[in-house]
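Which chain is which? The protein sequence lines are A and B, in order. Reminder that position 291 of the first sequence reads as 290 in numbering that gives the first Met the number 0, one-by-one numbering, no gaps. Reminder that position 139 of the second sequence reads as 138 in numbering that gives the first Met the number 0, one-by-one numbering, no gaps. Glycine is no exception: its CB is placed at the ideal position from the N, C-alpha and C atoms. See below for the structure under consideration.
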Amino acid sequence: MPTNSMQTKVIRSNRLTRRELFSKTSAATAAVLLSQFALPELVFPGEDDDEEHVPFLNLPRVTRKMLDWETLDSWLTPRDQVFDVHHYNVPAVDASNYHLELTGLVDKPLSLTIDAIRKRAAAEELMTLECSGNGSSPGFMGAVYNSRWTGTPLAALLKECGVKPGATEVVFFGHDTKNETIRKVTVEVPFGRSMSIEDAMNPRILLAYARDGQPLERRNGAPLRLIVPGWYGIANVKWLKRIEVRNRRYMGRFMGRDYVTLRGERQGNEVVFVESSVARMNLKSIIARVTRRPTKNGLIPVKAYGAAWSDGTEIARSKFKSTAAPGGPLALMRSRDPNTRGSSFLLVWAI
Amino acid sequence: MPLKRIAIVVFIAGGMLVTRPRPGLAGGEVGVAQASVGRGSGTVEGTIFYRHDRKHAWRLSRYYVKSPKIGELAEAVISLSGPSISRSSAGRQPSTVTVDQREMRFVPETVAIRAGDRVRFTNSDSQTHNITVSDPRLQFSDTIANGQSSFEAFSRASGIHRPFALGCKFHCQMQGWVYVFDHAFFKTTGVDGRFRLDSIPPGDYRLDVAQSAGELHASRVVQVKPNQTVKLEIILTPADRSTAE
Chain A
0 MPTNSMQTKV
10 IRSNRLTRRE
20 LFSKTSAATA
30 AVLLSQFALP
40 ELVFPGEDDD
50 EEHVPFLNLP
60 RVTRKMLDWE
70 TLDSWLTPRD
80 QVFDVHHYNV
90 PAVDASNYHL
100 ELTGLVDKPL
110 SLTIDAIRKR
120 AAAEELMTLE
130 CSGNGSSPGF
140 MGAVYNSRWT
150 GTPLAALLKE
160 CGVKPGATEV
170 VFFGHDTKNE
180 TIRKVTVEVP
190 FGRSMSIEDA
200 MNPRILLAYA
210 RDGQPLERRN
220 GAPLRLIVPG
230 WYGIANVKWL
240 KRIEVRNRRY
250 MGRFMGRDYV
260 TLRGERQGNE
270 VVFVESSVAR
280 MNLKSIIARV
290 TRRPTKNGLI
300 PVKAYGAAWS
310 DGTEIARSKF
320 KSTAAPGGPL
330 ALMRSRDPNT
340 RGSSFLLVWA
350 I
Chain B
0 MPLKRIAIVV
10 FIAGGMLVTR
20 PRPGLAGGEV
30 GVAQASVGRG
40 SGTVEGTIFY
50 RHDRKHAWRL
60 SRYYVKSPKI
70 GELAEAVISL
80 SGPSISRSSA
90 GRQPSTVTVD
100 QREMRFVPET
110 VAIRAGDRVR
120 FTNSDSQTHN
130 ITVSDPRLQF
140 SDTIANGQSS
150 FEAFSRASGI
160 HRPFALGCKF
170 HCQMQGWVYV
180 FDHAFFKTTG
190 VDGRFRLDSI
200 PPGDYRLDVA
210 QSAGELHASR
220 VVQVKPNQTV
230 KLEIILTPAD
240 RSTAE
């Protein structure tokens, strides 16, 4: 049972209110939530015996390490469907020789072994981790997965180190490196991403060492990765090496050159185009699979199963449209998914 | 005297083949030999099927099994082994097969070639891809952009049990297999699950079936007689699933 000694709030009632479910509260609440619901339950209705899968005709084959939408039937993504993307190399980091450095504008810099990190107060996050390039091509539609991550909250660690006044950013560096050419200069750089102090103090951010109860796989960032609920995969730095608190903006490749979005914002009568680093996940939905039952009275009973997910902002409503349903009711249902906080990933279906 | 010696060799070899245990001999085999007089080579033909089991569902079966009710299994590799197999490649011209990378997958996913043949890898995707083989017997890593090709020779046989696995170092989901044989008696099934092996010297053989995407393996003993056709229906089930040979 995860515990967090920093928290004093206790939820006594067994019935959590909707407000409590949706509020961004402490890790203690997370612990209580998890004790109520040991695992998010399968929430699609059971398939009828005569329910037949109608395959999509225009999607390329997807076999491994991608979420297989057409067989989606559980909230936690099966291990063989979990993707991984890397921009630099895939380092083999020796956990027995490992140290996480926490340094920069802090009163007390730290160097922690994996054992020391594991001994700290642990918390869990049920999170949807998505690549920001997911959906960019028909063969890249399943770069998203749901997992239970275990780790120690970053905010508590930063507080213990004592962030100095004037610090503005926290930078996360990985063990993965590459020779990058930046304006004619070629240097070996580590993978890096950063966020503001305020963002970094979100109590839900974890330094994670386990996924679905198992130590991280090398391809997913072993032995330690940053888990930032609600932010795209690029922010969830793998093979964490060093956390640095700075008073100057970090402008690495994945903050300032790649993973940058362009948006036109209306300011008065003008549209001003502004670039910003990719961070929070957009709201998305998908029809995962379609099934049919035998034709009855000239109509084909069809069911569409799907999912909707976001950065944790509550999904207000969803709608199902079909051009092929001239008659008959079209009811949209939402799963009674108890885990609707955080990076919400709802399982939905329509008949 | 030479004839008698050959007969003894065949008999002993047949005995060894029969007594070696093989996993997953599922039922449903039909063997029919058409009687015919005269010397010559024989034929083995048939269909590979997959029978579903709801309790042990094969998540990917929809890509490889044509119709769930009948179960024709595609992309299964069949090969013969036995002492009568000629491993000579004298006078044979190496050929080249093409494996494309498109929509983030290797197409075709499974190829079976002869030792000495080449594979030409192409990239039809807009993304840069890579073909990596990392195997004790063979290593290469070719990075190709859209429109580019790379050629790799497969000089060493892999056999039916341990094909060379293909990957892309940029895109973890891409998978493929290259089976390499040092004889001519192999086939890959199409969507109809059918295969046919011709010009087989008479004798006793082991016929192996492997379907990599489903990690399915099966084995039969077949007796090839001159000018006869052995017809087989081989039904694979989840019981035939194994991750290593």
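Quick check on DSSP: helix, strand or coil for residue i?
| i | result |
| --- | --- |
| B/LYS54 | helix |
| A/TRP68 | helix |
| A/ARG78 | helix |
| B/SER94 | coil |
| B/PHE252 | Given that chain B is displayed from residue 0 to residue 244, the structure contains no residue 252 of chain B and the question cannot be resolved. |
| A/PHE364 | Any question about residue 364 of chain A goes unanswered here, given that chain A covers just 0 to 350. |
| A/LYS183 | coil |
| A/ASN145 | strand |
| B/ALA156 | coil |
| A/GLU313 | coil |
| A/TYR231 | coil |
| A/ASN219 | helix |
| A/LYS158 | helix |
| A/ASN57 | coil |
| B/ASP203 | strand |
| A/LYS118 | helix |
| B/GLN227 | coil |
| B/ALA237 | Ala is not the amino acid found at residue 237 of chain B; the sequence shown has Pro there. Looking at B/PRO237 - three-state DSSP - the assignment turns out to be helix. |
| B/SER211 | coil |
| A/ALA207 | strand |
| A/LEU153 | helix |
| B/TYR62 | helix |
| A/SER95 | helix |
| A/ASP198 | helix |
| B/ILE84 | coil |
| B/GLU232 | strand |
| A/ARG11 | At A/ARG11 the pLDDT is 28, less than 50, meaning the model places this residue with poor confidence and gives no usable figure here. |
Can you name the residues of chain B whose CB is closer than 7 Å to the CB of residue i?
| i | result |
| --- | --- |
| A/PHE82 | CYS171, GLN172 |
Report the option in the options whose CA atom is closest to the CA atom of residue i.
| i | options | result |
| --- | --- | --- |
| B/PRO162 | B/GLY70, B/ASP134, B/ASP203 | B/ASP134 |
| A/ARG192 | A/VAL81, A/MET254, A/THR322 | A/MET254 |
| A/ARG78 | A/LYS295, A/GLU129, A/MET65, A/VAL236 | A/MET65 |
| A/PRO214 | A/ALA278, A/SER284, A/ILE113, A/LEU156 | A/ILE113 |
| A/LEU111 | A/THR76, A/ARG241, A/GLY220, A/ILE233 | A/ARG241 |
| B/ARG144 | B/PHE150, B/HIS160, B/ASP124 | Checking the sequence shown, residue 144 of chain B turns out to be Ala, not Arg. That would be B/ASP124, whose Cα lies nearest to the Cα of B/ALA144. |
| A/ALA120 | A/ASN133, A/SER309, A/LEU205 | A/LEU205 |
| B/SER239 | B/SER94, B/TYR49, B/GLN227 | The displayed chain sequence assigns Asp, not Ser, to residue 239 of chain B. Per the Cα distances, B/TYR49. |
| A/PHE82 | A/ASN57, A/SER131, A/GLU124 | A/SER131 |
| A/ARG182 | A/GLY212, A/ARG252, A/VAL170, A/LEU225 | A/ARG252 |
| A/TYR97 | A/TRP238, A/ASP257, A/TYR249 | A/TRP238 |
| B/ALA118 | B/ALA73, B/VAL98, B/LEU59 | Reading the sequence as shown, one finds Val at residue 118 of chain B and not Ala. Of the candidates B/ALA73, B/VAL98, B/LEU59, the one whose C-alpha sits nearest the C-alpha of B/VAL118 is B/VAL98. |
| A/LEU58 | B/PHE169, B/GLU102, B/TRP57, B/SER148 | B/GLU102 |
| A/ARG279 | A/LEU223, A/VAL169, A/ASP198 | A/ASP198 |
| A/ILE273 | A/ARG262, A/GLY267, A/GLN266 | Reading off the sequence, residue 273 of chain A comes out as Val, not Ile. Closest by alpha carbon: A/ARG262. |
Against residue i, what residues of chain B qualify as contacts under a CB-to-CB distance less than 8 Å, listed in chain order?
| i | result |
| --- | --- |
| A/LYS64 | CYS171, GLN172 |
| A/PRO54 | ARG61 |
My guess is that residue i and residue j are in contact by the Cβ rule of under 8 Å, so how many angstroms apart are they, rounded?
| i | j | result |
| --- | --- | --- |
| B/THR187 | B/ALA89 | That pair is no contact at about 25 Å. |
| B/PHE180 | B/LEU196 | Going by Cβ atoms, the distance from B/PHE180 to B/LEU196 rounds to 12 Å, so no, they are not a contact pair. |
| A/TRP148 | A/ARG210 | 6 Å |
| A/VAL301 | A/ARG291 | 5 Å |
| A/VAL162 | A/VAL105 | 6 Å |
| B/VAL208 | B/ALA217 | 5 Å |
| A/PHE190 | A/TYR87 | 5 Å |
| A/SER309 | A/LEU282 | 4 Å |
| A/ILE196 | A/THR151 | Not really, about 18 Å apart at Cβ, beyond 8 Å. |
| A/GLU69 | A/HIS85 | So it is not a contact: roughly 27 Å between Cβ atoms. |
In chain A, which residues lie with their C-beta within 7 Å of the C-beta of residue i?
| i | result |
| --- | --- |
| B/ARG58 | ASP67, THR70 |
| B/TYR49 | Result: empty, since nearest Cβ-Cβ is about 16 Å, beyond 7 Å. |
| B/ALA212 | THR62 |
Quick one: which chain A residues come within Cβ less than 9 Å of residue i?
| i | result |
| --- | --- |
| B/ARG104 | PRO59, ARG60, VAL61, THR62, GLY138 |
What does residue i reach in chain B if we use C-beta pairs closer than 9 Å?
| i | result |
| --- | --- |
| A/ARG218 | CYS171 |
| A/PRO293 | Those do not exist, as A/PRO293 stays about 14 Å from chain B at its closest Cβ, beyond 9 Å. |
- Query: Would you call the region 173-192 of chain A and the region 136-155 of chain A touching, i.e. three or more CB-CB distances under 8 Å?
  - Reply: no
- Give a yes or no on contact between the region 91-105 of chain A and the region 68-83 of chain A, applying the rule of three or more CB pairs nearer than 8 Å. no
- Item | Inter-stretch contact at 8 Å, needing at least 3 Cβ pairs: the region 152-166 of chain A / the region 244-258 of chain A | yes
- Query: Are at least three pairs of beta-carbons, each pair with one atom in the region 199-218 of chain B and one in the region 90-98 of chain B, less than 8 Å apart?
  - Reply: no
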